[in-house]
Every structure is written in C-alpha cells, then in structure tokens.
Amino acid sequence: MAKENTALKKIGDRSTSDVIVRLRTSDGRDDWFYCHSEILVKQSKYFAERLSDDWPICQFLDSRNCIEVYCYESDYDNHVNILRLFYLDNNLVTDLWQNVKMALGILKVATKLGSDQIISKCVQYLEAVPWEEHEEEEIIRTLPNLGSEVVPILARLQPVDSDAVRNVFLSAIHAAIQVDSKRSDLPASPDELKASAQEQVEYMLVEDDDAPLLAVDDNVKYEVKKHLSELFAIFEKKMASLLSDTEDVLEDHENHILKFLADFLWLCHILPKMDLLTDFVSKWTEASDNLLYIVKDIRFRSCLWETKLKMIEITGKVLEAVGYGNVIFSAPRRTHLVKLWLPFIRETKPQLDLQNFYEKMPYQMDNDLCQSIESALISLVLALPSSDQAEILADWLKTEQARYPDLSEAFEVWCYRSKAAKRRLSLGLNGVSSSSTSTVSDVGH
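Counting from 1, one number per residue, gives the positions in the sequence shown under UniProt numbering.
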C-alpha cells in the first residue's frame, strides 16, 4: 500500500473529521469511516451531491453529517481502498494497485462514486499492463457497463479492419510455409513459429459458430497462388538436385525436401477452405512426371523411403480430390494421373512393407491411407472412358502386385457396363458410336 500524505488530513482522524461515511453490506457489516467533506467533495461527484445544500435529506451521526453507502460484501475492500485513495497525493495513487483484479474492482467503485481522477488512474493502469486469460474474461464482462471513460482499456480487444486481417494472414502463410525465392538455402521458420503460424492460419479460416476471421478475396488468392508457385518451383529444383548429390549430402537434402512435402500435406488441408485446391492439384499433377523420374532413378531404389511415402500421401489427397469430383480435370488428364501414379503406388507399397518388416523402418502406408487411395482410384477409374478403363485394368491384372490397390470392384463394374453396352448396341439403344463400343466389348472378351 502507498504511504498516505501526512501533510494532508488523514482518513480516520476523528478530531478533524466533519463527516462519517457509513459503509454497510447486506451481510450486516456496518463500519464508520471518519472523513472530511472537503476531500470527499473534491474527489467524488457522488459525495459532492450528497453533501450539497440541494440534497433533500441530511443524516447525522456522532454530531457529524453521515452518508450511508451500501455495497456487496465482495466489493467492501474496494470501497475502503477508494476512500484511502481520496487522501493520497495524485502521483502516489497507482502505488496502491497490486494486480489487475484490484484495479478493476476499484474502477467499478470509482465509476459508481463518480471519481474522475481514480477512474483515469485505473484506466491508465489496466490499459498498460498484461492480462491473464481469466482477467481478460472478467474485464470483458465488467467494462461495457462502466461508460465511455473505460473504452481505452478495451483497445487491444477491438476488431480490426479487413486490410489488417489480410496482412496478418498473408504474413502467417509465409511463416507457415516459408520460402525465399532468391535464397532457397536460407533456414526456414523455427519449428515453434511454423507450427503456431499453421495453427493460426487454420483458425482464421475455420467456420464455426462465428464467421471466419478472414474473408478470402481475390487479393488473398492471388498472393497465396504466387507463394504456392514459388514453393513448387524451389521444390522441383531441390528434387532435381538429388540426381547430382553425393552420398554425404543426400541425407541433408532429403530432410529439406521432407519439409517441403510436410508443407504440401498441410496445404492440402487448408487450400480447400480458400477454393484453391484446384491450383495445388494442377501443380502437383504437372510436376508428377519429373518427380517420379527422379525417385525411380536406380540410385534411389533402396533409399528415400520417407520421401516416397510422403509423395504417396500427397498423391492420395490429389486422387481423392479428382476422384470425388472436388477438382474437375478432363478425361485425358485424369487418365494420365492414374497411369502415372498407379504403377508407382503398386510397386512402392510392398517395398515399404518389406523395409518395415526386415529393417524395422517406420515408413509404412497405414490402413487409412491404403483404403483412401484404393477408394479414390476405384472412383477415378470408373469415371474414365471405358476404353481407358480397359487399358488400366488390363495392366493391373497382369502385374504381380495386383493385391494392392485392389481394383476388383472397378473390374466388376467395367465387365457389367461393357456387357450392358453390347446388349444396348444389339437392340439399337446405344447412344455412343459403334466403334467405341466394339472396342470395349473386344477388351471384355
């Protein structure tokens, strides 16, 4: 507690007091405080009004004016503290604050008693100091009822304009997938910052009981697309450099590549919320030929297992997006996507299983991943022209790895459709050309 100024009159000095503040609670507490009207009138509009000649009723106690003040038991200490504050030098007032809770309690009483000086000091203190989470919740509950004087305290909680939100979001995107287009060898964001940025980007886009914090407009999409292009350009260069890497740097370079792949997996999660999944799927599909050419190089036949696994995980997201119609590709592009990745997935899964069995390496396609890829491939194949289906299924049936992915469902549907198409043709009900139908039926035989 701050030391009271002894040069002034002191609270409780009965010999000089001319007014009693009688503080009472509903619990029966009834305490008298010997005060001075000169100080009360100066410090409080409420007391000034009560002590004015215009106040209709005068009470006396111990031969003095008496002012009764009723309060809740929980606010009792705050009322006592503010009476003491009335007697302190203005420069010493904030010495009384011990924490946010005390300052907030005194602010409520100061507002009730109309003490502008104490209100100002409370506002300055609460606006400047940090708050714990529970203190912030209490401030939010309390301050809206205390008038315009306390508005500065809430400055840190005010909503910001859309431009500010957009700038923060784009900065967070850069931190979440940090890429320097000029110096790709620079270290990425610290893991803690990167994780935090990714978490907050997701939070800004989420649609829950409240509207998303960010409105994804064309400017946001443009910036994210640009960043995505930079990310892919650097990633493809890093992948290409693997072919010229020596053994002593290969592991370090793979670790860097794995960070890119982790970013891609995260982007697969957030880009649909921005209507940008098509851009990612297109870029991954365009890069696929070169990526597979690199990882299938003979040098990497028995290594880069984690890289291969992560590539399959990303491809699984791409296959789902295209296979279930969330991203619209032409039939030739869909066919190319299946023909490109199906053999790689088919060959790599048993290799990963063997590595896990013999070498106890933790790189394995789990059941959820296997099931999602298999379902997406079946959906994709069945949506292709029947002749393309026939080519893909014939190749799948000839391989030793036909156990995964299991396209039996697609094969059965293709057989049924082909037979039905032939029957329609014989009845003159088919709407497609006879040449294309005969091709399908020939493959069926």
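Even for Gly, the Cβ is constructed at its ideal location relative to N, Cα and C. Every value quoted in this text rests on a predicted model; they were computed, and no experiment measured them.
query: What residues in its chain sit with their C-beta under 7 Å from that of VAL440, if we drop five residues either side in the sequence?; result: Per-residue confidence for VAL440 stands at a pLDDT of 41, beneath the threshold of 50, marking its modelled position as unreliable; the derived number appears in the next sentence. The answer, listed in chain order, is SER386, SER387, ALA390, SER418 and ALA421.
query: Who are the Cβ neighbours of TYR324 in its own chain at under 8 Å, not counting the five residues just before and after it?; result: ALA376 and SER379
query: Pull up the distance between the alpha-carbon of TYR222 and that of VAL216, whole angstroms please.; result: 10 Å
query: For THR246, does the three-state DSSP call read helix, strand or coil?; result: coil
query: In this structure, what does DSSP give as the bridge partners for PHE33?; result: VAL21
query: Can you check whether the CB of LEU243 is closer than 8 Å to the CB of ASP297?; result: yes
query: Please classify HIS79 as buried or exposed, where buried requires at least 16 other C-beta atoms within 10 Å of its C-beta.; result: buried
query: I think LEU231 touches ASP263, with their Cβ atoms under 8 Å apart; what is that distance to the nearest whole Å?; result: 7 Å
query: Please report the distance separating the alpha-carbon of ASP18 from that of SER37.; result: 6 Å
query: Quick one: residues in its chain with C-beta nearer than 8 Å to the C-beta of TRP266, no 5 flanking neighbours on either side, listed in chain order?; result: ALA176, ILE177 and GLN198
query: Taking only the alpha-carbon atoms, compute the straight-line gap between GLN364 and ILE312 and give it to the nearest angstrom.; result: 11 Å
query: Please look up how many angstroms separate the CB atoms of VAL381 and ILE373, rounded, as I've assumed it's under 8 Å.; result: Their Cβ separation, rounded to whole angstroms, is 12 Å, which puts VAL381 and ILE373 out of contact at 8 Å.
query: Using only the alpha-carbon positions, how far apart do GLU4 and LEU40 sit?; result: For GLU4, the predicted model reports a pLDDT of 45, less than 50, meaning its position is unreliable; a value from the coordinates is still stated below. So the alpha carbons of these two residues sit roughly 16 Å apart.
query: Any idea what DSSP makes of LEU126, helix, strand or coil?; result: helix
query: Indicate whether the contact test is met: 3 or more Cβ pairs, each with one atom in the region 159 to 178 and one in the region 131 to 149, closer than 8 Å.; result: no
query: Using the C-alpha atoms, what's the distance from LEU291 back to PRO343?; result: 14 Å
query: Where does VAL206 fall in DSSP's three states?; result: coil
query: One question on the structure: do GLU127 and ALA103 come within less than 8 Å of each other, judged by their Cβ atoms?; result: no
query: So, ILE314 versus CYS370, is the Cβ gap smaller than 8 Å?; result: no
query: Can you give the Cα-Cα distance for THR16 and ASN99, rounded to whole angstroms?; result: 33 Å
query: Counting C-beta neighbours from all protein chains within 10 Å, is the total for LEU157 16 or more, i.e. buried, or is it exposed?; result: exposed
query: Count the CB pairs spanning the region 45 to 58 and the region 104 to 115 that are closer than 8 Å, and state whether there are at least three.; result: yes
query: Can the beta-carbon of PHE33 be found less than 8 Å from the beta-carbon of LEU83?; result: yes
query: Residues in its own chain within less than 6 Å of ARG22 by CB, not counting five upstream and five downstream?; result: TRP32, CYS66 and GLU68
query: Cα-Cα, which of LYS238, SER162 and ILE257 is closest to LEU213?; result: SER162
query: Compute the Euclidean distance between the alpha carbons of ILE270 and THR246, then round it to the nearest angstrom.; result: 36 Å
query: Is it the case that the Cβ atoms of LEU337 and VAL322 are separated by a distance below 8 Å?; result: yes
query: Curious, which full-length alpha helix (DSSP H) runs of at least 4 residues does the region 355 to 434 contain?; result: 367 to 382, 386 to 398 and 408 to 426
query: Could you tell me the distance, in whole angstroms, from the CA atom of LYS10 to the CA atom of ILE119?; result: 22 Å
query: Span of the beta strand (DSSP E) holding ILE67?; result: 64 to 71
query: Give me the Cα-Cα distance between VAL109 and GLN200, rounded to the nearest whole angstrom.; result: 38 Å
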